[in-house]
Structure formats: structure tokens, C-alpha cells
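Remarks on the structure that follows.
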Amino acid sequence: MRTAERESRMPTNPAEAPRCRDDSIARYQARQRRQYWLLGGLLALTLASLLGDVALGPGGYSLPRVMAALVSPESVSSTLRAIVWQIRLPVALMAVLVGASLAMAGAQMQTILNNPLADPFTLGISSAASFGAALSLILGIGVMPLAGPWLTAGNAFLLAMLASLTLWAVNHWRGVSVQSLVLLGIAIMFFFNALLGLMQFVASAEALQQLMFWSLGSLERASWTTVALSALVLALCGLGFWRSRWRLTALGLGATQARSLGVDPGRLRLRVLLGTSLLAATAVAFVGTIGFVGLVGPHIARLLVGEDQRVFLPMATLCGALIMSVTSLLAKTLIPGLIVPLGILTALIGLPFFAALVLRSRREPWG
Amino acid sequence: MSLRIESLRCRLGGREVLHDIGPLDARPGELTALIGPNGAGKSTLLRAIAGHQRAHGHFILDGRALDDEPLETRARRLYYLPQSTETGSRLSVFETVLLAVRTLAPGDGPSALRRVRDTLARLELEPLAERQLTALSGGQRQRVAIAQALAREPRLLLLDEPTSALDLHHQLQTLDWLGEHARQHGTIVVLAVHDLTLAARYASRLWMLDAGRAVAQGPPGEVLTVERLREVYAIEAEVTWPAEGPPRVTPLAASHRTPSRR
């Protein structure tokens, strides 16, 4: 009976067997090709958005003139050259880099914490950075020997790293569970929010306004130096994550299975936590707190290509870059003559989008 | 060339859960079944050998000590399949099995793809190749986990109740495959099982644990006696010997007596 049952499951035509067996490889490779096309498409969209971000602005210059300024700067007026090369291009590139950094950090935070709601700010990094900024804007205190615009950025970076390193150290020496790590992050967030509230309570009206603008996120402080530093951090962390792509994919199966595959989950989590902290701290220090990109970017990537880090990592990064670039474009075109703070736009665009994603992926009804 | 365990001790939550286990031996090319009642220490023993659980003692595989090897090196020689294969991962079945091969030797060579395809075909999982893990039933996930284990072709396979979520057809089929794989590749297979008749049918040797102690080891005919089942499992059972093949264990009733070591 069993033999008959087994035989009934076999292909009736012997020629079908090898063809059927080749199909799983062919289907896998076809899926891979589709994923690479998607990546290519997203890259093209990001480049188009970057170009649009450079082309559009309050000056009212036409696209051919802006293109001429980009391709042969000597052929255009010094004013246009300065606008394109000193203002618009660094801002547009910074949008792409910050979006990419936040999304890459979010993607890997979600992977190592096995929590789809994790993003660079869940663990209190944003709150710590805001407190660092408040120290310089309200009290004029610098935690690093920096001056001018670098004082606030330096404070924000150092405090953001301090929050992450606290988590890292606790995990390194005490070996807490993933759930405890998230809870500890939430505790850090509340701690820095309380300190920030205290600072706001004693701040002057002018300092309070400065802090508010910083907190809402702005690309106006972008320069070639911040672009270069952001690009360097993104490249280094991206390379590090890429080298661990198989291990990170294995970690997605759960710690026990990852261990069976020869991956040390503890060590990998600590290393990746350092990288994500560096990415988030750099982004926050240069442009202020911008939410939702680190959360939504990885979610879109996961829906499009799944969780194989070879495709998921670049896809999440590109999604973040595109979202921020489009946000930057919208920020200066929505209301003529006014640049809407990025943090407001990402939240307004991100919230309904995020809600739609959550409702679409709902599997088990609550009640 | 075999697996040998000596003087194994393990503490969990301040309590000793494995007491001086060994010497226990498992041979290549055959299945060794790890049996014992709930809480006997079967999973802890498998985890300790795999390096997932801190323990004191000696594990010697093919004459080389396993206990000093770091996790990554150890994972090249053995594969541990946990009891639970629950995961929220959105990887496809093909990607999941490929991952098991790739974490050994990263690269995108056609030989790795062929190995995945052949393993899926052998375990009749090809129709599910593109399905996401989250869309599989518990039994299907367990078969994918077994496919991962076989695709790695390790020297030592440690399987914690690998058929617990499978229907009768797939239970027998999986144990057939494991036996065949062991014979073909000379693999040492140690698997924890609850079904004593299945253990006797497929395993050449049994390790019987009770309350963290190894109480017996040897061929099924020597280990599975009515007296020992009464003492270790607290059951009245009938052990019958068919004209050909291994013994059959038929549980009759739960004994009123508490096992001596519990």
C-alpha cells in the first residue's frame, strides 16, 4: 500500500523527473533576476529623485541650466555654480546618505533584535542625541572640544554613541536576552527624554526654538564635509554588514538555528549593534532626528525581496535613500518659499504608509 | 572512528542536570537513539555535545576532542537540529536549505545549488521550494530543517525529536532517509525519540537516560526490557520479539510506582 502510494507520487513520464528537478534551481535563479531588476529600478528612481532634488529650488533655474552647471561648471554663472555645487548638491546627497544610513541601521536592528518594530530610535539613540544637542543649544556646553555648528553635531553624536555603548556594554558583560535589550533601550529613551524635558523647562524662548528646529530635522546644515563623513560611515558599515550577510540571514532563523550553522549570535549582535549605532548617531548628529525612515524602509524591502541579506540589505538601504530624497524634494516644493521640516514630512507620509503595511500583513485577528 | 562521551556533567539554573554521563559510544553509518522519559536530560545532552550548552566532560569525535573547538569549527563537523523549528523568517524553502550550505562555504557556485535541489528532491520538498517558511505547517518546517541538516553533510548529526511534528508516513520516511544517509556517507547519527518501537526498529544502538544519568546502552534487544521500562518509564509494557526484526514495545498501563531515580 505504502509502495503504491509512493509510486503514485512519482512523475508518470520518466522524462519529467529531471526537468522537474531542474525547475527549482531555474525558479530560484529567475526569482534572483527579478530581485536584481527591482534593485536596479530602485537605484534608477533614487538617481532620478536625486537629480530632481538638485534641479528644483527657489531660484527657478531650468533643468538644462542646472544640468550644465553639474556637467561643465565653467559654462554657467558663478551664482548658479555656487547654488548647485555648494548648496543643492550637498543637500540632495545628504538626503540620500541619511536615508540610506537610517534604513540600513533599521534593517540590521530589526535583524539582530528579531523585532520588526525596532529602528535606530527604539533603543533611545534619538533621545540621547536630542539631549546632547540641547546641552549645546541651551546651556552652551560641549562634550567634545568642537566649536560653531560642530558643537551641536558633536554633542548629539557622542550622546547617541553613549546610549548605544551602554547597551553594548550591558550585553557584553551581563549577556542579557534580546527582549531585555529592547526594554533597556526603552528605559534609556525615557531617561534622556526626562533630561531633555528638564532642559526645555529651564531654556530661554530663543534656545527652545533652536532646539525645536534641530529636533524636527533639517538638511540645511549639509556641507561637503558632512557628506564625506556620512558616506565614509555608510560605506564602512555597509561593507561590514555585507561581509556578514550569510550570518545575518542565518540569525533571522533564530539564535538556536543560527548557532547550529556555526554563527555565534552574541558576538554577531554586538558587532552589528556597534555598526548600527555609528550609522544612526552620524545621521542624527548632522540632520537632527528623523523618524520612520529606519522603520519603513526595511519593511518595504522585506515585502519586496524577503529576508536574504544579499538582496535585503541593499534594497532596504535604497528604499531609505529614495524615501529621504523624495521627502527632501517635497519639503521645498509643497509650500512655495518655505522648507517644511523633514521630521514632520517623514512622519506624515510614513504614518499612513506604515499603518497600511501593518494592516496588510495582519495574519491573526486580535479579537 | 566514532563518537565517545566521557564524564559529562552539566548544571542548569544551579542544579546538576547531567551526572557523570558516559562512557557512551555511537558508531558511523548507523542510527543511535537517545531515549528516556521527560526531563531525563536528552535535549541537554544533545545541546552539550553541539556546544550550545556549557558542560564539563569530554566529547571525542573521530579521535579529536570536540569540547575545545570553537562554535564555528565545531559546526563544520556536526549539525544540531533543535526540537522546535518555529521561526518568523520570510526566507523561502530553497533559500533556507541553501543557507545551510552557504554558511559552510560562502559563494554562489552551481554545485551548492545542485546540492540544495537534490536534497529537496530526495525529501519530496521541491513543490514547496519557493514557499516562505512562515507559510508552512509545523511538519513541513520540520522536514525543511531535516533537509538543512542533510544538505550540510556533517560527520555527526544530532537530532532532537526530528519526527515529533510528522505524520506516520513522514515519520517512517524520514527515519528511512536518515538511515540511508548514515550508511551512504558514514555519518554518525544520534537522535532523541519518544517512540520506543520506532527507536528499536531504526536504531542499532540505544542510549537510555533517566534523571540525568545514563542507565543503559547497547542494542535495542538488550536495553528494552520489561523491568527497565517499569523502573525508568514507570509503565507496564509488553516487549515482543517478532520472528524477524527488532523488538516491539506495547505500553499497557502507567505504573503506580514512582521511578526510583526521580
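These protein sequences, in sequence, are chains X and A. The first sequence begins at 1 in this note's numbering and counts up by one. The second sequence begins at 1001 in this note's numbering and counts up by one. C-beta: ideal position from N, C-alpha, C; glycine also.
Taking 8 Å as the upper bound on Cβ-Cβ separation, chain X lies near residues E1086, T1087, G1088, S1089, R1090, L1091, S1092, F1094, E1095, T1096 of the segment 1086-1097 of chain A.
A:L1166: not part of any beta strand (DSSP E); DSSP gives it neither H nor E.
Closest in alpha carbon position to X:T346, among X:Q210, X:T256, X:V326, is X:V326.
One thing to note: X:L322 has its Cβ within 8 Å of the Cβ of X:T46. The C-beta separation of X:G275 from X:G240 comes to about 5 Å, placing the pair in contact by the 8 Å criterion.
The criterion of a C-beta distance shorter than 8 Å is not satisfied by X:V296 and X:G99. Assignment of beta-bridge partners to A:V1190 by DSSP yields A:T1032, A:L1158. When the beta-carbon positions are compared, X:H172 and X:L236 stay at least 8 Å from each other. Taking the Cβ atoms as the reference, X:V227 lies roughly 17 Å from X:L278, outside the contact range of under 8 Å. Assigned with DSSP and collapsed to three states, A:D1025 falls in strand. For X:A250, the chain A residues whose C-beta falls within less than 7 Å of its own C-beta are L1099, T1103, listed in chain order. Note that the segment 1155-1164 of chain A touches the segment 1070-1078 of chain A; at least 3 beta-carbon pairs, one per stretch, sit closer than 8 Å.
When the beta-carbon positions are compared, X:S130 and X:T249 stay at least 8 Å from each other. As the crow flies, the alpha-carbon of A:V1190 is around 6 Å from that of A:A1033. For X:I290, the secondary structure class from DSSP, reduced to helix, strand or coil, is coil. Residues of chain X whose Cβ lies closer than 7 Å to the Cβ of A:R1201 do not exist; the shortest such Cβ separation is about 15 Å.
Ranked by Cα distance from X:A128, the first of X:L113, X:L159, X:A107 is X:L159. Note on geometry: alpha-carbon atoms of X:M199 and X:L216 lie some 17 Å from one another. The beta carbon of X:L219 lies closer than 7 Å to those of V91, M94, A95, V287, S328, L342 in the same chain, with the five residues before and after it left out. Less than 8 Å divides the Cβ of A:G1057 from the Cβ of A:S1007.
Counting only residues of its own chain and dropping the five nearest sequence neighbours on each side, A:S1204 has a CB closer than 6 Å to the CB of E1030.
Along the segment 172-183 of chain X, there is no position whose C-beta sits under 8 Å from a C-beta of chain A.
Within the segment 257-269 of chain X, the residues whose Cβ lies closer than 8 Å to any Cβ of chain A are, in chain order, Q257, R259, S260, L261, G262, V263, D264. Neighbours of X:R271 across chain A, judged by C-beta separation under 7 Å, do not exist; the nearest C-beta is about 14 Å away.
Of all C-beta pairs linking the segment 1008-1016 of chain A to the segment 1172-1192 of chain A, fewer than three are shorter than 8 Å, placing the two stretches out of contact.
Contact between A:S1089 and X:E307 holds, since their C-beta atoms are separated by about 6 Å, short of 8 Å.
The beta carbon of A:R1027 sits closer than 6 Å to those of S1002, all from its chain and outside the five residues before and after it, given in chain order. One Cα belongs to A:R1074, the other to A:T1187, and the distance between them is close to 15 Å. Spatial neighbours of X:V263 in its own chain (CB-CB distance under 7 Å, excluding positions within 5 residues in sequence) are listed in chain order as R247, A250, L251. DSSP lists A:R1213 as the bridge partner or partners of A:D1210.
Cβ neighbours of X:R310 within its own chain (closer than 7 Å, five residues either side excluded): R245. With respect to the 8 Å criterion, X:A103 and X:M109 are not classified as neighbours on the basis of their beta carbons. Counting C-beta atoms within 10 angstroms of its own C-beta, X:L63 has fewer than 16 neighbours from the protein chains shown and is therefore classed as exposed. For A:A1151, the enclosing alpha helix (DSSP H) begins and ends at 1138-1152. With 16 or more other Cβ atoms inside 10 Å of its own Cβ, X:D53 counts as buried. The segment 167-202 of chain X contains, as complete alpha helix (DSSP H) runs of 4+ residues, the segments 178-202 (chain order).
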